[in-house]
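Below: one structure, written as C-alpha cells.
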Amino acid sequence: MKKTAGYEINYIENTITVTKKFLKDAGIIGSAAYNELARVRKDLPDFQIVQREITKKQGKKTYGKLT
Numbered sequence: 055m056k057k058t059a060g061y062e063i064n065y066i067e068n069t070i071t072v073t074k075k076f077l078k079d080a081g082i083i084g085s086a087a088y089n090e091l092a093r094v095r096k097d098l099p100d101f102q103i104v105q106r107e108i109t110k111k112q113g114k115k116t117y118g119k120l121t
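The sequence shown lines up with residues 55 to 121 when you count with our numbering.
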C-alpha cells in the first residue's frame, strides 16, 4: 500500500482502515476517492470500513496559550 492512498487493507482482522481525509473525500459521489473505495468494497464486500485513530501519548506535557 502506498502511504498516500488513504486506506490500508488488513486481511487478518477483515478491515479496511481509512484516514479521515480519505473518508471525507469519498463522501463526494464521483470523486476519485469515492471510485477507489467503491472498487475496494466490490472486491472485499465482507470487510468493515474503520476510520484510523491517532494514538496519543500518555503523560504528554502541554502548555496552553503559549506563544
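Note that beta-carbon positions come from the ideal geometry of N, C-alpha and C, so glycine has one too.
Predicted, not measured: the structure shown is a model, and the values here were computed from it.
Next item on the list: Could you check what DSSP says for ASN68 in three-state terms: helix, strand or coil?
Entry: coil
Item checked: For GLU90, the first and last residue of its enclosing alpha helix (DSSP H) -> 86-97
Check: Who are the Cβ neighbours of ASN68 in its own chain at under 6 Å, not counting the five residues just before and after it?
Finding: PHE101
Note to self: Checking the sheet assignment: what are the DSSP bridge partners for ILE63?
What the structure shows: ILE70
Check: What's the gap between the Cα of MET55 and the Cα of GLU62?
Finding: Low confidence applies here, because MET55 scores a pLDDT of 47, under 50, leaving its location unreliable; read the following figure in that light. Distance between the alpha carbons of MET55 and GLU62: 7 Å.
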